[in-house]
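Colleague:
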Ligand SMILES: Nc1ncnc2c1ncn2[C@@H]1O[C@H](COP(=O)(O)OP(=O)(O)O)[C@@H](O)[C@H]1O
Ligand SMILES: [Mg+2]
C-alpha cells in the first residue's frame with residue numbers, strides 16, 4: 122500500500138514564526154514513517170513556500186533560514202481542487218514558458234502554525250479551496266479562536282465564563298489617545314491587561330496599573346494590531362490548560378496542566394526560553410495533573426469539550442483558563458486552535474496515554490473524516506436560472522456603447 126503523503130505546513134508571516142518552526146520540527150520527528158511520507162512545507166517569513174528534507178532539521182533555520190541548501194526547492198501550492206500538488210518554482214524558466222514540475226502531492230496536511238497567516242483561518246481557507254484533508258480547525262473556528270475580541274464576544278453569547286473587557290481600535294487611539302484612556306478608565310478598574318486582538322505567545326501583552334502604564338501598554342499593543350483588547354486583571358491567577366482532540370462527535374479532553382507562573386504574566390521568555398528553548402511549549406515548567414481538585418478539573422475538561430464543539434474544532438486545540446484564588450472563579454483566557462508543540466506533552470500524560478505518533482494518527486483520521494463528510498455536501502446545486510437570464514448590454518458589457 123502506498124504511504125500517505127503527509128504535508129506538514131509551518132512557519133509563515135507571523136510573530137510566532139520561530140515557535141512554529143520548533144513545533145513542526147518536533148512533530149516531524151514523531152511521524153510514524155511506516156505509515157506516512159513526511160513532506161515538510163515551510164513558508165518563510167517573507168511568505169515564500171519551500172519543500173525538501175533539510176526542512177526537517179532545526180539547523181536549517183538558525184541563525185537564518187538557508188534557502189539555498191541542496192534539497193530545498195521553492196514551490197507554490199496548486200490551488201486546483203483536489204490536486205494537492207506542490208509545483209516547483211523556477212522563476213526564470215517559468216517566464217520562458219516551461220520549468221513547471223510537480224515536486225510532491227499532499228494527501229493530507231497538518232498545519233503547524235501559530236498566529237496570523239496560518240492559525241487564523243487563512244491557511245485553512247486555502248486548504249478548503251485546494252480541497253485536501255487538513256488536520257486543524259476550519260476557517261470560522263480558527264478565525265474566532267485567533268481573534269481575542271471576537272472569541273470573547275462569542276463565548277459570552279454561548280454563556281461561557283470570560284472576564285469583562287473593552288475593545289479598542291488604532292484609529293481611535295491615533296485620533297485621541299487621552300480620550301481612549303479615559304474611556305477605559307470609566308469602564309474598567311485597574312489593574313488591567315492589554316492584548317493585541319490577534320496574537321499569541323504573550324507578545325504585546327502587558328499589565329497596566331495606572332494612566333501611564335496603560336498608555337505604554339496600548340502603544341505597544343497597537344504596534345502589533347489594529348484592534349486591542351483591554352481586560353480586567355485577575356490577581357495572582359492560577360493558570361490551567363486543557364487540550365482537546367477529535368472531530369464532530371468524537372471529542373476527548375487531555376489531562377489538565379498548571380504552568381508554573383508564580384502568579385505573574387507568563388511572557389514569551391517564560392514560555393519558551395527557560396528550559397533552553399529547544400522544546401517550545403514542551404519546555405515550560407508545569408504541574409500535571411493540575412492540583413485543583415476533582416470537581417474543578419472535571420469542569421475544566423467539560424468546558425474545554427463544549428468549547429471544542431461550539432467552534433466546530435478539528436484536530437488538537439488547547440483551552441487556557443485562569444482561576445481567581447480569592448474566589449475560585451474560573452474564566453477562559455484564550456483558545457489556541459493550533460497549540461504550541463500540539464500539546465503532545467499533555468497527551469502522553471493523559472488517560473489513556475496517547476503517544477506523539479498516535480496523536481498524529483488521530484489528527485490525520487480527523488482530517489480524512491472531515492474531508493469525507495464535506496464530500497457528502499451537495500456543492501453542485503443545478504437550476505435553470507442561467508437560461509432565463511437576460512442581462513442589459515451586449516455580451517455582459519454593462520454600459521457598453523449603444
Ligand atoms: N486578565 C488577566 N489577568 C491576569 N493575568 C492575565 C490576564 N490576561 C492574561 N494574563 C497573563 O498573560 C498571559 C498571556 O495572555 P493570553 O491572553 O494567554 O495571551 P497569548 O495569546 O499571547 O498567550 C497569560 O498566560 C497570563 O499569564
Ligand atoms: Mg496564552
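Residue numbers (the working numbering): 122 to 523. The C-beta atom is built at its ideal place from N, Cα and C for all residues, glycine as well.
Which residue comes first and which comes last in the beta strand (DSSP E) that contains residue 379?
Modeller: Counted from its first residue, the chain shown places residue 379 at position 258. That run of the beta strand (DSSP E) goes 371-380.
Colleague: Cα separation between residue 464 and residue 400?
Modeller: Position 343 of the chain shown holds residue 464. Position 279 of the chain shown holds residue 400. Spanning the two alpha carbons is a distance of roughly 11 Å.
Colleague: Between the C-alpha atoms of residue 324 and residue 337, what's the straight-line distance to the nearest angstrom?
Modeller: For the purposes of this step, residue 324 is identified with residue 203 of the chain shown, where counting begins at 1. For the purposes of this step, residue 337 is identified with residue 216 of the chain shown, where counting begins at 1. The alpha-carbon atoms of residue 324 and residue 337 are separated by roughly 14 Å.
Colleague: Could you give the distance in angstroms between the alpha-carbon of residue 490 and the alpha-carbon of residue 260?
Modeller: Translated into positions along the chain shown, residue 490 becomes position 369. Translated into positions along the chain shown, residue 260 becomes position 139. If you draw a straight line from the Cα of residue 490 to the Cα of residue 260, it is about 17 Å long.
Colleague: Just the Cα atoms here: how many angstroms apart are residue 133 and residue 492?
Modeller: Counting from one through the chain shown, the residue named residue 133 turns up at place 12. Counting from one through the chain shown, the residue named residue 492 turns up at place 371. Taking the straight line joining both Cα atoms gives about 24 Å.
Colleague: Answer yes or no: do residue 318 and residue 265 have a C-beta to C-beta separation smaller than 7 Å?
Modeller: The residue labelled residue 318 in the question sits at position 197 within the chain shown. The residue labelled residue 265 in the question sits at position 144 within the chain shown. Not in contact: residue 318 and residue 265 (Cβ atoms no closer than 7 Å).
Colleague: Please check the pair residue 283 and residue 313, which I expect to be a contact at CB under 8 Å, by giving their CB distance rounded to whole angstroms.
Modeller: Within the chain shown, numbered from 1, the residue matching residue 283 stands at position 162. Within the chain shown, numbered from 1, the residue matching residue 313 stands at position 192. Incorrect: roughly 15 Å between the Cβ atoms, too far for contact.
Colleague: If you follow the alpha helix (DSSP H) that residue 293 is part of, which residue opens it and which one closes it?
Modeller: Translated into the one-based positions of the chain shown, residue 293 becomes position 172. First-last of the alpha helix (DSSP H) with residue 293: 291-296.
Colleague: At a cut-off of 6 Å, would you count residue 283 as near ligand 1, judging by its Cβ distance to the nearest heavy atom?
Modeller: Taking the first residue of the chain shown as position 1, residue 283 is located at position 162. Residue 283: no, Cβ never under 6 Å from ligand 1.
Colleague: Just how far apart, CA to CA, sit residue 404 and residue 497?
Modeller: Reading the chain shown from its first residue, position 283 is the one you call residue 404. Reading the chain shown from its first residue, position 376 is the one you call residue 497. For residue 404 and residue 497, the distance between alpha carbons rounds to 42 Å.
Colleague: What does a CB cutoff of less than 6 Å around residue 520 pick up in its chain, not counting 5 residues either side in sequence?
Modeller: Numbered from 1 along the chain shown, position 399 holds the residue referred to as residue 520. In this prediction, residue 520 scores a pLDDT of 49, lower than 50, which makes its location untrustworthy; the coordinate-derived value is nonetheless stated afterwards. Same-chain partners within the cutoff: there are none.
Colleague: So, using beta-carbon positions, are residue 488 and residue 229 closer together than 7 Å?
Modeller: Stepping through the chain shown from its first residue, residue 488 is reached at position 367. Stepping through the chain shown from its first residue, residue 229 is reached at position 108. Contact: yes.
Colleague: Assuming residue 231 and residue 148 form a contact by the criterion Cβ under 8 Å, report the distance between their Cβ atoms to the nearest whole angstrom.
Modeller: Counted from its first residue, the chain shown places residue 231 at position 110. Counted from its first residue, the chain shown places residue 148 at position 27. Between residue 148 and residue 231 the Cβ distance is about 7 Å, and since that is below 8 Å, they are a contact.
Colleague: State the DSSP-derived secondary structure class of residue 258, mapped to helix, strand or coil.
Modeller: Here the question's residue 258 lines up with position 137 in the chain shown. DSSP places residue 258 in coil when its eight states are reduced to three.
Colleague: Does the separation of the CB atoms of residue 436 and residue 144 fall below 7 Å?
Modeller: Indexing the chain shown from 1 puts residue 436 at position 315. Indexing the chain shown from 1 puts residue 144 at position 23. No, they are not a contact pair.
Colleague: Using three-state DSSP, classify residue 316 as helix, strand or coil.
Modeller: Along the chain shown, one-based indexing puts residue 316 at 195. Looking at residue 316 - three-state DSSP - the assignment turns out to be strand.
Colleague: Could you check what DSSP says for residue 142 in three-state terms: helix, strand or coil?
Modeller: Within the chain shown, numbered from 1, the residue matching residue 142 stands at position 21. The answer is helix: DSSP assigns residue 142 an H, G or I state.
Colleague: Can you list, in chain order, the stretches of the beta strand (DSSP E) that have 3 or more residues and sit fully within the stretch 324-353?
Modeller: 327-329, 348-353
Colleague: Take residue 294 and list the residues in its own chain whose beta-carbon comes closer than 7 Å to its own, dropping the five residues that flank it on each side.
Modeller: Stepping through the chain shown from its first residue, residue 294 is reached at position 173. Taken in chain order, the residues that qualify are 301, 339, 343.
Colleague: My guess is that residue 377 and residue 411 are in contact by the Cβ rule of under 8 Å, so how many angstroms apart are they, rounded?
Modeller: Here residue 377 corresponds to residue number 256 of the chain shown, with the count starting at 1. Here residue 411 corresponds to residue number 290 of the chain shown, with the count starting at 1. So it is a contact: roughly 5 Å between Cβ atoms.
Colleague: Hey, could you find the ends of the beta strand (DSSP E) residue 197 is sitting in?
Modeller: Within the chain shown, numbered from 1, the residue matching residue 197 stands at position 76. Element bounds for residue 197: 194-198.
Colleague: Would residue 197 and residue 160 qualify as a contact pair, given that the criterion is a beta-carbon distance under 7 Å?
Modeller: Here residue 197 is taken as the residue at index 76 of the chain shown, counted from 1. Here residue 160 is taken as the residue at index 39 of the chain shown, counted from 1. Not closer than 7 Å, so no.
Colleague: By how many angstroms is the C-alpha of residue 510 removed from the C-alpha of residue 366?
Modeller: Residue numbering aside, residue 366 sits at position 245 when the chain shown is read from its first letter. Residue numbering aside, residue 510 sits at position 389 when the chain shown is read from its first letter. Going by the C-alpha atoms only, they are around 48 Å apart.
Colleague: Measuring straight from C-alpha to C-alpha, what distance separates residue 258 and residue 188?
Modeller: Here residue 258 refers to the residue found at position 137 when the chain shown is read from its first residue. Here residue 188 refers to the residue found at position 67 when the chain shown is read from its first residue. Answer to the nearest angstrom: the Cα atoms are 30 Å apart.
Colleague: So what's residue 122 in DSSP terms, helix, strand or just coil?
Modeller: As a first step, residue 122 is located in the chain shown; it is residue number 1 there, counting from the start. In the structure shown, the three-state DSSP call for residue 122 is coil.
Colleague: So is the beta-carbon of residue 455 under 6 Å away from any non-hydrogen atom of ligand 1?
Modeller: Residue mapping note: residue 455 aligns to position 334 of the chain shown, counting from 1. Checking the Cβ of residue 455 against ligand 1 gives yes.
Colleague: By how many angstroms is the C-alpha of residue 374 removed from the C-alpha of residue 471?
Modeller: Translated into the one-based positions of the chain shown, residue 471 becomes position 350. Translated into the one-based positions of the chain shown, residue 374 becomes position 253. Each residue's alpha carbon lies about 9 Å from the other.
Colleague: My output table needs one value for residue 400: the three-state DSSP class, helix, strand or coil.
Modeller: Taking the first residue of the chain shown as position 1, residue 400 is located at position 279. Three-state DSSP puts residue 400 in coil, outside helix and strand.
Colleague: Give me whichever residues DSSP pairs with residue 170 in a beta bridge.
Modeller: What you label residue 170 is simply residue 49 of the chain shown in a count that begins at 1. Residue 170 pairs with 164, 196.
Colleague: Assuming residue 311 contacts residue 288 under a Cβ cut-off of 8 Å, what Cβ separation, rounded to an integer in Å, is found between them?
Modeller: Residue 311 sits at position 190 when you count from the first residue of the chain shown. Residue 288 sits at position 167 when you count from the first residue of the chain shown. That pair is no contact at about 18 Å.
Colleague: List the residues that DSSP assigns as beta-bridge partners of residue 360.
Modeller: Along the chain shown, one-based indexing puts residue 360 at 239. Answer by DSSP bridge pairing, in chain order: 443.
Colleague: Does DSSP classify residue 249 as helix, strand or coil?
Modeller: On the chain shown, residue 249 is found 128 positions in, with the first residue counted as 1. Helix, per DSSP.
Colleague: Distance, Cα to Cα, residue 523 vs residue 512?
Modeller: Position 402 of the chain shown, counted from the first residue, corresponds to residue 523. Position 391 of the chain shown, counted from the first residue, corresponds to residue 512. Here the model assigns residue 523 a pLDDT of 41, short of 50, so the residue's position is not dependable, and the following value carries that caveat. Going by the C-alpha atoms only, they are around 14 Å apart.
Colleague: Can you list, in chain order, the residues of its chain with a C-beta nearer than 6 Å to that of residue 505? Leave out the 5 residues immediately preceding and following it.
Modeller: Along the chain shown, one-based indexing puts residue 505 at 384. Excluding sequence neighbours, residue 505 sits near nothing in its chain.
Colleague: Starting from the N-terminal side, write out each stretch of the beta strand (DSSP E) that is 3 residues or longer and does not extend beyond the stretch 437-501.
Modeller: With a minimum length of 3 residues, the continuous beta strand (DSSP E) runs that stay inside the stretch 437-501 are 451-457.
Colleague: Distance cutoff 7 Å, beta carbons only. Does residue 186 sit that close to anything in chain C?
Modeller: The question asks about chain C, but that chain is absent: this structure has only one protein chain.
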